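The structure appears below as C-alpha cells.
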Amino acid sequence: MELKSLIYHDIVWNWQLNKVDFTDLTLLVGASGVGKTLIIEAIVDLQHVVMGQNRAGLSWEVEFSIDGRAYHWLGQFAETSHTAVTEILNEQLFIEEKLWLDRTTSNHKFNNNHQSLLYLLRNDTEIDSIYKHFRYVMYNTWPSQTHVFELSKRDVQADEYPTVQEIRHIAEDNTLLKLWFAYTNQLPVFQQIREDFMEIFPTVQDVLVMKTEQSPHNCIEFSIKEAHVTNWIPGERVSAGMFKVLMFITDMYLAPDDAVILLDEFENSLGVNCIEIVNEMVLKRRRLQYIFTSHHPYIINDIPMPCWRIVTRKGNTVTVNHPDDYKLGKSKHTAFKQLLQLDEFEDGLTR
Numbered sequence: 312m313e314l315k316s317l318i319y320h321d322i323v324w325n326w327q328l329n330k331v332d333f334t335d336l337t338l339l340v341g342a343s344g345v346g347k348t349l350i351i352e353a354i355v356d357l358q359h360v361v362m363g364q365n366r367a368g369l370s371w372e373v374e375f376s377i378d379g380r381a382y383h384w385l386g387q388f389a390e391t392s393h394t395a396v397t398e399i400l401n402e403q404l405f406i407e408e409k410l411w412l413d414r415t416t417s418n419h420k421f422n423n424n425h426q427s428l429l430y431l432l433r434n435d436t437e438i439d440s441i442y443k444h445f446r447y448v449m450y451n452t453w454p455s456q457t458h459v460f461e462l463s464k465r466d467v468q469a470d471e472y473p474t475v476q477e478i479r480h481i482a483e484d485n486t487l488l489k490l491w492f493a494y495t496n497q498l499p500v501f502q503q504i505r506e507d508f509m510e511i512f513p514t515v516q517d518v519l520v521m522k523t524e525q526s527p528h529n530c531i532e533f534s535i536k537e538a539h540v541t542n543w544i545p546g547e548r549v550s551a552g553m554f555k556v557l558m559f560i561t562d563m564y565l566a567p568d569d570a571v572i573l574l575d576e577f578e579n580s581l582g583v584n585c586i587e588i589v590n591e592m593v594l595k596r597r598r599l600q601y602i603f604t605s606h607h608p609y610i611i612n613d614i615p616m617p618c619w620r621i622v623t624r625k626g627n628t629v630t631v632n633h634p635d636d637y638k639l640g641k642s643k644h645t646a647f648k649q650l651l652q653l654d655e656f657e658d659g660l661t662r
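Start counting at 1 in the sequence shown, then tack on 311, and there's your number in my numbering.
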C-alpha cells in the first residue's frame, strides 16, 4: 500500500490537518510543536479505525493505492455518545473513482453498528486487501519494545516460519521475534542484517539472537560481541542507539512488502556516525513507504528535496507545504540553506 494524501479533523481534541500529499519517501520537517507527530498519529488512528476501533469526533479523507488500484476512503464519527461507543455518521469508499461502499443513506443495514465498513466487511475479497494492507502500517517506537520479547501467549518453534516471506507476515508483529526466526533458520537475510549493522558499528564482531527460559515465560533476547571485550554483551546493556539501528535494519529486510513505515524523529538516540548510513539505507529501500519526521540538518540534507514536506501550524490547523511553494533553489545544497532560513522552519507558527 502507498498512502497518497490525507485530510484529518479531530473535533474532540480540536485540531485539523489540511490536505497533505505523500510520496513513497516523505520527510516531514519543521519546528518542534507544529504538528509533525500529530500527522504520524493521525495515520495510526486510521489504522485503528480499519481494525474496528471507535473514535469519537474524528473525520477523515484518505487516498491510497494497492497494486496500482486507486482508493478513496472518507468518513466521520459523531462527536459525543451517551454509550460506550460512538455512532458513525457517514462513510464512503471509492475504488478507481467508482463508489463501492456508501453508509450515508438512512436505511443502510450497518447503521446500527459503530465500526468501519472496512472492518465489518473484511472477509469480502475486495475489502480484505485493504484490511490486510492497513495492518502493515508500522509505527515504530522500538525503545518501547524493550530488548527482550516475552513469549507470554505461547512458545514458538523455528520451523513455524522457515522462509523470509513467511517471517514478514508473522501475526505477532515484533521486530526482535522476526530477527530470531531469521537467525534460527540460518537464512541469508540474517547475514545481510548483521553485515549492515556491523558496517555502522565497526567494533561489533557478531550478533546473537536466542530463546531463553525465564519464569514465567520464555523470551527472545539478543547479544552482541565487540572487539576487545571478552564476554558477550546482553541486549539490556546495549545502547538505545545501537538497539534502534538493529531494529531499523531488521524492519528494512523483514517488514511485509508494501508496508508503510512511520518514524517520528528517528534520529533520537542516534549519533552522527549512524545517521548518514541509515539515510543511505532508506534510499535503497525495497517495496516500502517511509513517512518520517525530523528537524535534524544531517537527515534533511541527505534526503532528496522533492521528498520534503514543510509543516506549519496556525492555531489548531496544521498545513503541510511542498518545497516548490517556497521557491527554494534548484540545487539541494541551496534549497537546504534556504529552508533553514525560512521563518516557517524556524518557528513553524503562522499568525
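Where is the CB? At the ideal position from N, CA and C, for every residue including glycine.
Being a predicted model, the structure only gives us computed values, none of them experimental.
- Gly346 counts as buried, since no fewer than 16 other beta carbons sit within 10 angstroms of its beta carbon.
- Residue environment: Arg380 is assigned as exposed (fewer than 16 neighbouring CB atoms within 10 Å of its CB, all protein chains considered).
- Membership of Met521 in any alpha helix (DSSP H) is not indicated; the residue belongs instead to the beta strand (DSSP E) covering Val515 to Glu524.
- In chain order, His528 and Asn529 place their CB closer than 6 angstroms to the CB of Leu462, counting only its own chain and leaving out the 5 sequence neighbours on each side.
- Straight through space, the alpha carbons of Val467 and Thr561 are spaced by roughly 19 angstroms.
- Apart from the 5 residues on each side of it in sequence, Ile351 sits with its Cβ closer than 6 angstroms to the Cβ of Leu573 and Asp575 in its chain, given in chain order.
- Beta-bridge annotation (DSSP): Phe460 is paired with Ile531.
- Out of Gln387, Asp378 and Gly344, the CA that lies nearest to the CA of Leu357 is found in Gln387.
- Annotated three-state conformation of Ile610 is helix, per DSSP.
- For Asp321, there is no enclosing alpha helix (DSSP H); the residue is found in the beta strand (DSSP E) stretching over Glu313 to Asp321.
- Val396 places its beta carbon 8 angstroms or farther from that of His359.
- Distance from the CA atom of Phe512 to the CA atom of Phe554, rounded to whole angstroms, is 11 angstroms.
- Leaving aside the five residues that flank Glu407 on each side, the residues in its chain whose CB is nearer than 8 angstroms to its CB run, in chain order, Arg380 and Ala381.
- Under the Cβ criterion (8 angstroms, minimum of three pairs), the region 437 to 447 does not count as touching the region 315 to 334.
- If you draw a straight line from the Cα of Ala570 to the Cα of Leu599, it comes to about 5 angstroms.
- Within the model, the alpha-carbon separation for His606 versus Asp435 is close to 42 angstroms.
- Per DSSP, reduced to three states, the secondary structure at Phe388 is strand.
- DSSP places Trp411 within a strand segment (E or B) once states are collapsed to three.
- Sequence-distant partners of Thr630 (beyond 5 residues in either direction) whose C-beta falls short of 6 angstroms from its own C-beta, in its chain, are Asn329 and Thr623.
- For Met563, the enclosing alpha helix (DSSP H) begins and ends at Ala551 to Leu565.
- Counting only residues of its own chain and dropping the five nearest sequence neighbours on each side, Ile588 has a CB closer than 6 angstroms to the CB of Ile511.
- In the three-state reduction of the DSSP assignment, Phe492 falls in the helix class.
- The beta carbons of Met521 and Met563 sit about 22 angstroms from each other, so the pair does not count as a contact at 8 angstroms.
- According to the DSSP assignment, Val345 belongs to no alpha helix (DSSP H), since it is labelled neither H nor E.
- Annotated three-state conformation of Asp568 is coil, per DSSP.
- For the 8 angstroms CB-CB criterion, Phe647 and Ile621 do not form a contact.
- Taken atom to atom, the span from the alpha-carbon of Phe333 to that of Met558 is near 24 angstroms.
- At the C-beta level, Leu429 and Val361 come within 8 angstroms of one another.
- Listed in chain order, the non-local C-beta contacts of Leu653 below 7 angstroms within the same chain comprise Tyr637, local neighbours out to five positions each way being set aside.
- Residue state for Val589 is assigned as helix, using DSSP reduced to three classes.
- Using a Cβ distance threshold of 8 angstroms, Leu488 and Phe460 count as a contacting pair.
- The three-state secondary structure of Thr474, taken from DSSP, is coil.
- Cβ neighbours of Asn590 within its own chain (closer than 7 angstroms, five residues either side excluded): Ile610, Asp613 and Ile614.
- Ranked by Cα distance from Leu651, the options Gly341, Ile322 and Val323 are led by Gly341.
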